[in-house]
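J.: Protein chains in written order, with the UniProt record's numbering: chain A, 1 to 172; chain B, 1 to 172. Glycine is no exception: its CB is placed at the ideal position from the N, C-alpha and C atoms. These numbers were taken from a predicted model, which means no experiment stands behind them. Here it is, the structure, as structure tokens.
There are 2 protein chains.
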Amino acid sequence: MSKKEALLKAAENKVRLGGYSNFSFRELASEVGIKSASVHYHFPTKADLGAELAHQYTNSFLAALGEPSELKASGKNPIDVYTQLFRSALVTDRKMCLCGLLGAESDSLPDKVRLEVKRFFNQNLTWLSAAHLANGELNPTKAAIQTVSLLEGAMMISKTLDDNSYFELATQ
Amino acid sequence: MSKKEALLKAAENKVRLGGYSNFSFRELASEVGIKSASVHYHFPTKADLGAELAHQYTNSFLAALGEPSELKASGKNPIDVYTQLFRSALVTDRKMCLCGLLGAESDSLPDKVRLEVKRFFNQNLTWLSAAHLANGELNPTKAAIQTVSLLEGAMMISKTLDDNSYFELATQ
DNA sequence: AAATAACTACCTACTGGTCGATAATTTTAC
DNA sequence: GTAAAATTATCGACCAGTAGGTAGTTATTT
Chain A
1 MSKKEALLKA AENKVRLGGY SNFSFRELAS EVGIKSASVH YHFPTKADLG AELAHQYTNS
61 FLAALGEPSE LKASGKNPID VYTQLFRSAL VTDRKMCLCG LLGAESDSLP DKVRLEVKRF
121 FNQNLTWLSA AHLANGELNP TKAAIQTVSL LEGAMMISKT LDDNSYFELA TQ
Chain B
1 MSKKEALLKA AENKVRLGGY SNFSFRELAS EVGIKSASVH YHFPTKADLG AELAHQYTNS
61 FLAALGEPSE LKASGKNPID VYTQLFRSAL VTDRKMCLCG LLGAESDSLP DKVRLEVKRF
121 FNQNLTWLSA AHLANGELNP TKAAIQTVSL LEGAMMISKT LDDNSYFELA TQ
């Protein structure tokens with residue numbers, strides 16, 4: 001793993017625990033074994049780092065989901081697959097959704113970061129609409145926003161109350 | 001309004017836009033017309049201020065709701081009342097729920113602040129369970145966690161995408 | 001006299017960011 | 001094939017600004 005990748009990974013961990021202001025160049029640098037001045041070589045500003053982090057997070061997230069039509073074709077319910085991805089973020093990583101946390105802080109983020117967070121949710125809503133359509137939902141747009149709202153909210157509350165059974169109950 | 005109340009109000013605005021780290025003693029002080037050192041007279045530490053803020057927010061929120069049984073008795077659906085309180089926070093204040101934002105940051109908060117955020121959600125779940133029970137729900141506990149999850153999530157996404165119609169669609 | 005509420009001055013620690021320098025590597029030109 | 005040039009990735013030193021917090025003082029109110 002390159003230093004740049006290591007920096008993004010370290011930043012992701014910090015942000016998913018405490019938001020955009022929960023990481024500093026010095027902390028990241030020390031974690032990957034370089035000096036803070038060198039971080040600016042890979043990311044000119046903190047906003048650049050944040051934006052690239054959210055962009056790659058979105059891409060990985062979408063890639064992990066696959067295509068709703070293909071999931072359906074192989075006998076899986078795409079909404080269950082989507083729910084499972086959130087569950088593993090909460091249960092395995094024990095962290096918030098990166099864009100869930102950044103979305104809540106949206107108003108105080110640098111423009112280029114906020115833009116990437118918007119992209120995450122727009123892409124997610126598109127994916128979920130296709131998934132609900134494939135499931136025969138009458139109003140796939142509405143079902144999509146309800147699904148992602150419920151999951152982000154349940155994740156946040158389970159983290160806050162430090163009890164994953166809230167997530168399980170919410171997704172029953 | 002006393003200086004102390006003014007400080008809490010200024011802090012609430014900042015936190016609801018960008019989280020716990022989005023306010024400083026210097027900013028608050030300058031907004032209410034005193035010096036930053038004087039803020040420490042009212043709140044010994046930042047954590048004390050954050051905890052009192054979340055505590056009062058919870059109390060005001062619960063007070064604004066009223067009692068589920070009384071709402072029911074006066075012909076109102078308590079879940080609609082609850083939804084309306086979230087809606088006005090989003091549409092009128094144009095800000096996140098204080099504890100929704102702090103909850104997402106939960107892992108990086110000082111203990112006494114996190115404790116108050118937990119109190120907010122525990123009290124909300126109790127209120128919502130009673131409300132759903134009064135509505136004749138078969139599983140009021142489950143309905144309660146689903147209601148608050150959906151509303152917190154929908155609020156966050158509407159803020160992020162800067163479009164309140166997502167909230168309206170999610171709550172249909 | 002005591003409590004309240006503010007002040008000035010200061011501290012240490014940390015923030016994102018800039019600068020020029022320095023090796024090591026890779027590409028280009030002859 | 002090799003010498004020169006450019007690129008990559010790092011460094012130490014430094015900067016101005018801000019963070020939360022403390023000590024001691026002053027004025028006002030009870």
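(1) Given that a residue counts as buried once 16 or more other Cβ atoms are within 10 Å of its Cβ, and exposed if not, what is S158/B?
(2) Within 10 Å of its beta-carbon, does E105/B have 16 or more other beta-carbons around it, so buried, or fewer, so exposed?
(3) If I'm right that Y82/B touches L128/B with Cβ under 8 Å, what's the distance once you round it to whole angstroms?
(4) For A130/B, would you say it is in contact with chain A, using Cβ-to-Cβ distances shorter than 8 Å as the test?
(5) When you compare only the Cα positions, how much space is there between L115/A and L161/B?
(6) Note down the Cα distance separating A134/B from V113/B, rounded to an integer number of angstroms.
(7) Does chain A have any CB closer than 8 Å to the CB of residue 216/B?
(8) Would you please state the rounded distance, in angstroms, between the beta carbons of M156/B and G75/B? I believe it to be under 8 Å.
(9) Buried or exposed for N22/B, please, with buried defined as at least 16 other CB atoms from any protein chain shown within 10 angstroms of its CB.
(10) DSSP on N139/B, reduced to helix/strand/coil?
(11) Flag V113/B as yes if its beta-carbon sits less than 8 Å from any beta-carbon of chain A, otherwise no.
(12) Quick check on the burial criterion: 16 or more other C-beta atoms within 10 angstroms. Buried or exposed for K46/A?
(13) Could you confirm whether any beta carbon from chain A is found closer than 8 Å to the beta carbon of F23/B?
(14) Looking at C-beta atoms only, is the number of pairs between the stretch 19-39 of chain B and the stretch 16-31 of chain A that lie closer than 8 Å three or more?
(15) Excluding sequence positions up to five away, which residues of its chain have a Cβ less than 7 Å from the Cβ of A131/B?
(16) Report, in whole angstroms, the separation of the C-beta atoms of L7/B and L28/B, which I expect to be a contact under 8 Å.
(17) From the beta carbon of L65/B, is the nearest beta carbon of chain A less than 8 Å away?
(18) Taking the C-alpha atoms as reference points, what is the distance between E70/B and Y57/B?
(19) Output the residue ranges of the alpha helix (DSSP H) runs that lie fully inside the stretch 52-119 of chain B and measure 4 residues or longer, sorted by chain position.
(20) According to the neighbour-count rule (16 or more other Cβ atoms, all chains shown, within 10 Å of its Cβ), is Y166/A buried or exposed?
(21) So, using beta-carbon positions, are L169/B and T141/A closer together than 8 Å?
(22) Who are the near neighbours of N164/A in its chain, counting only those whose CB is closer than 7 Å to its CB and skipping five residues on each side?
(23) Helix, strand or coil: which one does DSSP assign to N164/B?
(24) Could you have a look at T126/A and say whether DSSP puts it in helix, strand or coil?
(25) Whole angstroms is fine: what's the gap from K111/B's alpha carbon to D48/B's?
(26) Taking C-beta pairs closer than 7 Å, name the residues in chain A that G18/B reaches, listed in chain order.
(27) Tell me which residue opens and which closes the alpha helix (DSSP H) that Y41/B is part of.
(28) Check the Cβ of G50/B against every Cβ in chain A and list those closer than 9 Å, keeping chain order.
(29) Give every residue of the same chain whose Cβ lies closer than 6 Å to the Cβ of F120/A, excluding the five residues on either side of it in the sequence, and list them in chain order.
T.: In short:
(1) Counting of Cβ neighbours within 10 angstroms places S158/B among the buried residues, the total reaching 16 or more.
(2) Classified as buried, E105/B has 16 or more neighbouring CB atoms from the shown chains inside 10 Å of its CB.
(3) 7 Å between Cβ atoms; contact.
(4) Taking Cβ atoms only, chain A never reaches closer than 8 Å to A130/B, which makes this a no.
(5) When the Cα atoms are used, L115/A and L161/B turn out to be separated by approximately 9 Å.
(6) Taken atom to atom, the span from the alpha-carbon of A134/B to that of V113/B is near 32 Å.
(7) The structure shown does not extend to residue 216/B, since chain B spans only 1 to 172, so no value can be given for it.
(8) Not quite, the Cβ-Cβ distance comes to about 32 Å (not below 8 Å), so this is no contact.
(9) Residue environment analysis places N22/B among the buried positions, since at least 16 neighbouring C-beta atoms fall within 10 angstroms of its C-beta.
(10) N139/B carries a coil assignment under DSSP once its states are collapsed to helix, strand and coil.
(11) So no, V113/B is outside the interface.
(12) Buried, by the Cβ-count rule.
(13) So, not an interface residue.
(14) Three or more beta-carbon pairs drawn from the stretch 19-39 of chain B and the stretch 16-31 of chain A are found closer than 8 Å, and the two stretches are therefore classed as touching.
(15) Excluding sequence neighbours, A131/B sits near P68, P78, I79 and Y82.
(16) Between the beta-carbon of L7/B and that of L28/B there is about 5 Å, and that keeps the pair under the 8 Å contact cut.
(17) For L65/B, the closest Cβ of chain A is not nearer than 8 Å.
(18) Cα atoms of E70/B and Y57/B: separation of roughly 22 Å, rounded to the nearest angstrom.
(19) If you keep only unbroken alpha helix (DSSP H) runs of at least 4 residues inside the stretch 52-119 of chain B, you get 68-73, 78-91 and 98-104.
(20) Y166/A should be labelled buried.
(21) Contact flag set, yes.
(22) Closer than 7 Å at Cβ, skipping near neighbours: L90, V91 and S158.
(23) Here N164/B sits in coil by DSSP.
(24) Correct three-state label for T126/A: helix.
(25) Contrary to the premise, residue 111/B reads as Asp rather than Lys in this sequence. In this structure, the straight-line span from the alpha carbon of D111/B to that of D48/B is close to 10 Å.
(26) E105, D107 and S108, listed in chain order.
(27) Boundaries of the alpha helix (DSSP H) harbouring Y41/B: S36 to H42, taken from the DSSP string.
(28) None at all; the shortest Cβ gap to chain A is about 13 Å.
(29) Only T58 and C99 meet the Cβ criterion.
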